[in-house]
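Respectively, the protein sequence lines represent chains L and C. Throughout the first sequence, residue numbering follows this note's numbering, covering 1 to 177 in sequence. Throughout the second sequence, residue numbering follows this note's numbering, covering 1 to 210 in sequence. Here a beta-carbon is modelled for each residue, glycine too, at the ideal position from N, C-alpha and C. None of these values were measured; they are calculated from a predicted model.
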Amino acid sequence: MGGDDDGAALGAVRGAVVAEAQVWEALKEIPDPEIPVVSLVELGVIRAVDVHDGHVRIEFTPTFLGCPALEVMKRAMEEKVAELGAEPEVDVVTDDSWSTDRITPQGREKLRAAGFAPPAPREAAAPKLVQLQASVFRCPYCGSTETRLENIFGPTPCRSLRYCESCRQPFEQFKTI
Amino acid sequence: MNEQALLGLADDELVLGWRDSEWTGIAPLLEEDVAFSSIAQNEIGHARAVYELIVGADGDADALALDREPEEYRCAPLVELHLLDWAHTIARRWLYEVADEIRITALKEDPDAATAGLAAKIDREEAYHRMHAEMWHERLREEPCFRQAVEELWPYALGVLPAELRGELVERVGLVEVEPIDRGGHTEELALLWEEMTMVRRSAPSGAQW
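Here it is, written out as structure tokens:
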């Protein structure tokens, strides 16, 4: 009790000065609603944080435009900023500036550990069916590259279905976007 | 691209998204059930993003999408058709994706940066729809019922694109150019789809709470 507690409480006072780094730290705590092993920061979907006079503006890119988790993510970010005592503004950026290449190395590793094969690197041209059918995608369970494409589409817009011939495990592959 | 053309793109994606979603639960293969549901979800997401681009940050995209009368929609008759068999459904998907690729490629060069940026993002997602359509086209191209379906839908496919882009579609599809069934007019099927599509909106004008 005493001085230390007063100090800790200061940050939560509405209108207190919020630093950009604090906002990034808070955003790291928001899990992806559909794949909660990774955070929104690890997914790379938060493009910019701009702090000005107790007002926090976040630029955010949806993975897929039809992603139903978009509103949930937006609300979660607004709540986190409000908890810091700042006024949130989340702008959805719908251009081509985000790609699956922006998923951080930690994010990719967490995806793999949870049984989702991370996306292949983006190329200048769009991926082709023959590339997806190639046996170069690594099974997240046994590491084998003897895998085959089962369906371009999966349970969410961002995933395809593959099957590992070595360990006979079906798995989900992040689409390269 | 002018606003009417953007509205045409958004309405195409919205209505085709609805039509594609009609296969959810009843597609002939489980894989296709998943594929059509996912494609439909993407198409409706594209429609939403384009409506939002048209109305701007303070506008009401839902109102634009759902508060118009059926005759006010700018979609091409191709996407309105209520198709009940797999050959026609795949023929439409393939024809639409070829036409849409030509349109989106042009839109990526739009002088308006927000429009061009959105077109580039849509293009990345559509690449997967094209793969799906091409895969089926490869498989069915020699089947008489599929060829017949493509020929039946061909005048409708031409109607997806403005006159200046049709030449490329003719080249890629390999059929002779005919009189297009153009956007502007509507099929009777649209009114029936509209009833279903706008039902929630009309029954809860102030917004449905889930």
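| query | DSSP on Cys139/L, reduced to helix/strand/coil? | reply | coil
| query | In or out: Val130/L buried (at least 16 other Cβ within 10 Å) or exposed? | reply | Flag for Val130/L reads exposed.
| Start and end residues, alpha helix (DSSP H) containing Ser97/L | Ser97/L -> no alpha helix (DSSP H), and no H or E assigned at all.
| query | Going by alpha carbons, who is nearest to Phe171/L out of Val72/L, Val93/L, Arg112/L? | reply | Arg112/L
| request: Within 10 angstroms of the Cβ of Leu30/C, are there 16 or more other Cβ atoms? Answer buried if so, exposed if not. | output: exposed
| task | Enumerate in chain order the residues of its own chain whose CB-to-CB distance from Ala133/C is below 7 angstroms, with the five nearest sequence positions on each side excluded. | result | Arg93, Trp94, Glu97
| query | Which of helix, strand or coil does DSSP assign to Cys145/C? | reply | DSSP places Cys145/C within a helical segment (H, G or I) once states are collapsed to three.
| field | Candidates Thr198/C, Val150/C, Pro205/C, Ser206/C, of which the one nearest Glu69/C by Cα | value | Thr198/C
| task | Please report how far the alpha carbon of Ala125/L lies from the alpha carbon of Ala157/C, in whole angstroms. | result | 26 angstroms
| said: Along the chain, where does the alpha helix (DSSP H) containing Ile90/C start, and where does it finish? | reply: 86-107 is the extent of the alpha helix (DSSP H) around Ile90/C.
| message | Could you tell me the alpha carbon to alpha carbon distance between Ser39/L and Lys108/C, rounded to whole angstroms? | response | 31 angstroms
| request: Using the Cα positions of Glu13/C and Val176/C, report the straight-line distance between them to the nearest angstrom. | output: 26 angstroms
| query | Would Leu129/L count as contacting chain C if we go by Cβ distances under 7 angstroms? | reply | For Leu129/L, the answer is yes, since a Cβ of chain C falls inside 7 angstroms of its Cβ.
| Comparing the C-beta of Asp4/L with each C-beta of chain C, is any distance below 7 angstroms? | Residue placement at Asp4/L is flagged as unreliable, the pLDDT there being 44, under the threshold of 50; the coordinate-derived value follows with that caveat. Under the Cβ distance rule, Asp4/L does not count among the residues neighbouring chain C, no pair being separated by less than 7 angstroms.
| Under 9 angstroms (Cβ pairs) to chain C, residues found in the segment 95-116 of chain L | Asp95, Asp96, Ser97, Trp98, Ser99
| message | As a quick exercise: from Glu125/C, Ile104/C, Ala27/C, pick the residue whose alpha carbon is nearest that of Thr156/L. | response | Among Glu125/C, Ile104/C, Ala27/C, the Cα nearest to that of Thr156/L belongs to Glu125/C.
| message | Taking the beta carbon of Leu53/C as the centre, do at least 16 other beta carbons fall within 10 Å, making it buried, or is it exposed? | response | Leu53/C sits buried, since 16 or more C-beta atoms from the chains shown fall within 10 Å of its C-beta.
| task | Please state whether DSSP places Leu83/C in a helix, a strand or coil. | result | coil
| On the premise that Ala106/C lies in contact with Tyr51/C, defined as a C-beta separation below 8 angstroms, what is that separation, rounded to the nearest angstrom? | Not really, about 20 angstroms apart at Cβ, beyond 8 angstroms.
| How many angstroms separate the CA atom of Thr61/L from the CA atom of Arg47/L? | 7 angstroms
| request: Pull up the distance between the alpha-carbon of Gly167/C and that of Asp182/C, whole angstroms please. | output: 15 angstroms
| request: Please name the residue, chosen from Thr94/L, Gly143/L, Arg159/L, that lies closest to Ala113/C on a Cα-to-Cα basis. | output: Thr94/L
| query | What does Cys67/L touch in chain C if you count any residue whose Cβ is under 9 angstroms from its own? | reply | Gln41, Gly45
| request: Could you name the residues of chain C that Pro157/L contacts, counting a contact when the two beta carbons are closer than 8 angstroms? | output: Ser38, Gln41, Asn42, Gly45, Glu125
| query | Closer than 7 angstroms, Cβ to any Cβ of chain L: which residues of the segment 72-99 of chain C, in chain order? | reply | none
| field | Burial state of His82/C, where buried means 16 or more other Cβ atoms lie within 10 Å | value | When all chains shown are included, His82/C counts as exposed.
| Are the beta-carbon atoms belonging to Trp146/L and Leu161/L less than 7 angstroms from one another? | The sequence as given places Glu at residue 146/L; Trp does not occur at that position. No, these two residues do not count as a Cβ contact at 7 angstroms.
| query | Is the CB of Trp177/L under 7 angstroms away from at least one CB in chain C? | reply | Before going on, a small fix: residue 177/L reads as Ile here, not Trp. Output row for Ile177/L: interface = yes.
| request: Say whether chain L places a C-beta atom closer than 7 angstroms to the C-beta of Gly117/C. | output: So, interface residue.
| query | Can you tell which of Asp50/L, Thr176/L, Glu79/L, Val136/L has the C-alpha that lies nearest to the C-alpha of Ala21/L? | reply | Asp50/L
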